[in-house]
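Residue numbers (my numbering): -13 to 311. No residue lacks a Cβ here, since even glycine has one placed at the ideal position from N, Cα and C.
Structure, rendered in structure tokens:
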């Protein structure tokens, strides 16, 4: 064959492949979601998410140390209160003695500024009905009333020591309101990672086990329709205009087209969340011997970087970082 171009020349050895690799995945690109749970005295493995735990304060700090030692620089903390502490408005979310704020304090006390502590700023774990805000008599979430509660929640998280808050409720105007509340309270340095393109996805299922969700109905009236892309770009534009320091696409692999479009659009860092259902599918297939779990894990994370993600939230963060090191 009379060929001038033979692309295989650059694939012939690991050294060649490393030399010309177009995408680099680093431990510092990864963010580890974690769950702190009230009323337990030992960590509980989540059945639908093997290897992921509901933590006590002690196990939370141990797992965070493992992540940091592997090179992960940021964790995203979710709080799970006692059922009897849940109410219609999720008021324990901004209680200084609430489980999430106590967890933030513990991590800041343990790590200072060595580990970035991000807190989930949403009410779904704390409401008796499981929605992300206040509901009316027809069960619909009331946007403006909910945003005011997000302001309370963000202020309490900042006081507890959060470096970053992450509003995930998909309420209109939430970023501007939270930025205003933080600034007025003297927390100008607290960053905001906006869940800008968050879809009403079936891939969230195992997460609801992790947080003991009390959800009644679904969230389609405020999370995005999986059929829409332009809507995500509008949400991203609005969040950036309102002061978001990061924007996010969630879920991950089923929405790589949205991620790539967001990266093209955004002037701030773009994160992606490899959600619980994505994690669970990889783990289940690996446990059944159907795939090479480690290889698929790294391939999936590399796909996010190839699509342009700056940060990746993943339950694989510690394991992947160890392999990358």
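query, result
"Nonlocal neighbours in the same chain, by C-beta distance under 6 Å from residue 282, ignoring five residues either side", "268"
"C-beta contact flag for residue 62 and residue 104 at 8 Å", "yes"
"Pairwise C-alpha distance: residue 185 and residue 129", "17 Å"
"Contact the region 235 to 245 vs the region 254 to 262: 3+ CB pairs below 8 Å", "yes"
"Close beta carbons around residue 277, own chain, < 7 Å, minus the five adjacent residues each side", "271"
"Whole-number beta carbon distance between residue 133 and residue 144, since they are thought to touch under 8 Å", "Not confirmed; about 16 Å, so no contact."
"Buried versus exposed, by CB contacts within 10 Å (16 or more), residue 192", "buried"
"Spatial distance of residue 217 from residue 1 (CA atoms)", "43 Å"
"Touching by the beta-carbon criterion (3+ pairs, under 8 Å), the region 70 to 88 and the region 167 to 177", "no"
"Closest residue to residue 222 among 243, 199, 248 (Cα-Cα distance)", "248"
"Every unbroken beta strand (DSSP E) within the region 240 to 264, with a cutoff of 3 residues, ordered by chain", "256 to 260"
"Length of the line joining the Cα atoms of residue 166 and residue 57", "33 Å"
"Ranges of the beta strand (DSSP E) found wholly within the region 131 to 188, counting only runs of at least 3", "150 to 153, 177 to 184"
"7 Å CB neighbourhood of residue 215 in its chain, flanking five on each side removed", "243, 244, 247"
"Separation of residue 231 from residue 96, as counted between CA atoms", "25 Å"
"C-beta atoms of residue 15 and residue 297 nearer than 8 Å", "yes"
"At least 3 beta-carbon pairs within less than 8 Å: the region 39 to 50 vs the region -12 to 7", "no"
"Option in 265, 136, 108 with minimal Cα separation from residue 189", "265"
"Close Cβ partners of residue 68 (< 6 Å) along its chain, the five nearest in sequence each way excluded", "24, 25"
"Reduced DSSP category for residue 282 - H, G, I as helix; E, B as strand; rest coil", "helix"
"Residue environment, residue 20, which counts as buried when at least 16 other CB atoms sit within 10 Å", "buried"
"Cross-strand partners of residue 73 (DSSP beta bridge)", "113"
"Those residues which DSSP pairs with residue 35 across a bridge", "Paired residues: none, contrary to the question."
"Supposed contact pair residue 157 and residue 181 - C-beta distance, whole angstroms, cut 8 Å", "Residue 181 to residue 157, Cβ: 10 Å. No contact."
"CA-to-CA distance, residue 241 to residue 225, given in whole angstroms", "19 Å"
"Beta-carbon contacts of residue 177 that lie in its chain and below 6 Å, excluding the five residues immediately before and after", "150, 231"
"Between the CA atoms of residue 22 and residue 65 - distance to the nearest angstrom", "5 Å"
"Nearest-angstrom Cα separation, counted from residue 6 out to residue -10", "19 Å"
"Distance between residue 11 and residue 287 (C-alpha atoms, nearest Å)", "8 Å"
"Nearest to residue 213 (by Cα), restricted to the options 187, 204, 199, 205", "187"
"Nearest neighbour of residue 49, chosen from 309, 75, 101 [CA to CA]", "101"
"Own chain residues within Cβ distance below 6 Å of residue 205, not counting five before or after", "186"
"Alpha-carbon spacing of residue 121 relative to residue 263, whole angstroms", "27 Å"
"Own chain partners of residue 229 with C-beta closer than 8 Å, once the 5 adjacent residues on each side are dropped", "161, 162, 165, 178"
"Secondary structure of residue 104, DSSP reduced to three states", "strand"
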